[in-house]
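K.L.:
Please see the structure below; I have some questions.
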Amino acid sequence: LKDASAFNVQFLDGTPIFIDTLSFEVPPPEQPWVAYQQFCRHFLAPLALMALSDISLGQLSRIHLDGIPLPLASRLLPFSTKLSFGLQMHLHLHARSSERHSDDSAGSGAKATMSETAMLGLIDSLQTTIGRLKWTPAGTEWAEYYSQTNYSADALGAKGDLVGKFVKQTGATDAWDLGANTGVFSKVAADAGCRVASFDIDPAAVEKHWLSCQERKETRILPLLQDLTNPTGGLGWDHRERDSLVDRGPTDLALALALIHHLAISNNVPLERVALFFSRLCRHLIIEFVPKSDSQVERLLSSREDIFSEYHLSGFEAAFTPHFTILEKADIPGTERTLYLMEAR
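With our numbering, the residue at position 122 of the sequence shown is 261, and numbering never jumps.
Printed below as a string of structure tokens:
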């Protein structure tokens, strides 16, 4: 493998696939692995930082497109990681070596060699080191959402039935679940015939969702970390090397369930701007309106001034109808919430 960029990985049926087949070649005898450092920057460094320092450090991969520099990763990791043979060799010592030789000219000195046995040993050591990296998500507000929500079991079941009905009415085969949490309604969409990209802002919720998909051998759902208030933008030269979230749409269907109050109240996004954004993402939208009388909204407003005079059912519909046609709406039994099925204009 001569090019170990993480951008060459795509997911097919929940399985990561390396798609750059031209990067595979038979190595010349005794030549070291040319992509060793790149692999450590793109895979080992971010995984180690997320598992052993802070999960949010994975965001460094957004600004370092050719991988997190090893000297930076080495400085950010706790001292205890130097006691790990694999991390000491592949990351800390590797970082020192890369700094020491960063100014060497390409043709200076004798060329290094590596036997096939040593190459296989290197790969086995990397595999072992990465396999030992574990991150256990702690319970967070969102990861534990469904055990703390004001939904009763009957109301949650009724909402699931409505969502499934609306999904089938669209005939969608691809869906994005926006603010999916641990994926309860992603599974509803998948059971209704969709392949689902399941987005959430909370790493713990996404990790729990991913692990549950692995346990169920779920191939129709891909949990992904995504902040809708700061979504992935176009990356690289001219912002065109890697597509933004919006440019990857529109998808057949977007689900925005128990989300609107977080965007409009927690993040001060005007309803009109939310509607415009969603209209660029999808052809059909299933969205749940959560009124101010709902306990979750009351909680959000308990610590701040209520400046949201347009946040009510008629204001919501007025904001969305310039961008969407309301095909159907239904009250969710046992709640004060309303579920809408819309089609982008």
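Cβ atoms here follow ideal geometry from the backbone N, Cα and C, with glycine treated the same way.
Measure the beta-carbon distance from E427 to A393 and round it to whole angstroms, keeping in mind my assumption that it falls under 8 Å.
P.N.:
With 8 Å as the limit, E427 and A393 do not qualify as a contact, their Cβ atoms being about 12 Å apart.
K.L.:
Using a Cβ-Cβ cut-off of 6 Å (strictly less than) and excluding sequence neighbours within five positions of A469, which residues of its own chain qualify?
P.N.:
L301 and L478, listed in sequence order.
K.L.:
Let me know if R438 comes out buried or exposed under the rule of 16 or more other beta-carbons within 10 Å of its beta-carbon.
P.N.:
Looking at its Cβ environment, which holds fewer than 16 other Cβ atoms inside 10 Å, R438 is exposed.
K.L.:
Please report the residue range of the beta strand (DSSP E) in which F115 lies.
P.N.:
There is simply no residue 115 to check, as the chain begins at 140 and stops at 484 in what is shown.
K.L.:
Using only CA atoms, which one of T321, S325, G318 and N320 lies nearest to T312?
P.N.:
Among T321, S325, G318 and N320, the Cα nearest to that of T312 is on S325.
K.L.:
Compare the C-alpha of L415 against each of V335, G388, M189 and F459 and name the closest.
P.N.:
The residue with the shortest Cα to Cα distance from L415 is F459.
K.L.:
Is there contact between the region 144-154 and the region 226-234, where contact requires at least three CB pairs shorter than 8 Å?
P.N.:
Flag = no, the region 144-154 and the region 226-234 do not touch.
K.L.:
For P168, tell me which candidate among F463, E255, L222 and M189 has the shortest Cα-Cα distance.
P.N.:
P168 has its Cα closest to that of E255, out of F463, E255, L222 and M189.
K.L.:
Starting from Q365 and walking both ways along the beta strand (DSSP E), at which residues does that stretch end?
P.N.:
That residue, Q365, is in no beta strand (DSSP E); it is neither H nor E in DSSP.
K.L.:
Cutting at 7 Å between CB atoms, please list the residues of its own chain near S244, excluding the five before and the five after it.
P.N.:
Note that S244 has pLDDT 48, beneath the 50 cutoff, so the model's placement of it is unreliable and no number is given.
K.L.:
How is K468 classed by DSSP in three states: helix, strand or coil?
P.N.:
The answer is strand: DSSP assigns K468 an E or B state.
K.L.:
Specify, as a first and last residue, the run of the beta strand (DSSP E) that P155 falls within.
P.N.:
Run containing P155: T154 to F157, per the beta strand (DSSP E) assignment.
K.L.:
Given that a residue counts as buried once 16 or more other Cβ atoms are within 10 Å of its Cβ, and exposed if not, what is T321?
P.N.:
Flag for T321 reads buried.
K.L.:
Output the boundary residues of the alpha helix (DSSP H) element that contains Y175.
P.N.:
Looking at the DSSP string, the run of the alpha helix (DSSP H) that includes Y175 is Y175 to F178.
K.L.:
Using the C-alpha atoms, what's the distance from V413 back to H451?
P.N.:
Distance between the alpha carbons of H451 and V413: 14 Å.
K.L.:
Give a yes or no on contact between the region 366-378 and the region 345-355, applying the rule of three or more CB pairs nearer than 8 Å.
P.N.:
Contact between the region 366-378 and the region 345-355 is absent, because fewer than three Cβ pairs lie under 8 Å.
K.L.:
Leaving out five residues on either side along the sequence, give the residues of the same chain with a beta carbon under 7 Å from the beta carbon of S432.
P.N.:
Cβ within range, chain order: E475.
K.L.:
With DSSP run on the structure shown, which of helix, strand or coil describes F463?
P.N.:
Here F463 sits in strand by DSSP.
K.L.:
Give me the Cα-Cα distance between H400 and E449, rounded to the nearest whole angstrom.
P.N.:
Between H400 and E449, the C-alpha separation is close to 12 Å.
K.L.:
Only counting the same chain, and skipping five residues up and downstream in sequence, which positions put a Cβ closer than 6 Å to that of V408?
P.N.:
Excluding positions up to five away in sequence, the list reads L402.
K.L.:
Go through its chain and collect everything with a Cβ distance to S213's Cβ below 7 Å, but skip five positions before and after it.
P.N.:
Result list for S213: L230, H231 and A234, in chain order.
K.L.:
Can you check the region 348-424 for any alpha helix (DSSP H) of at least 4 residues that lies completely inside it and give the ranges in chain order?
P.N.:
As far as the region 348-424 is concerned, its whole alpha helix (DSSP H) runs of at least 4 residues are 410-420.
K.L.:
Could you pull the start and end residues of the beta strand (DSSP E) that S337 belongs to?
P.N.:
Per DSSP, S337 belongs to the beta strand (DSSP E) from R334 to D339.
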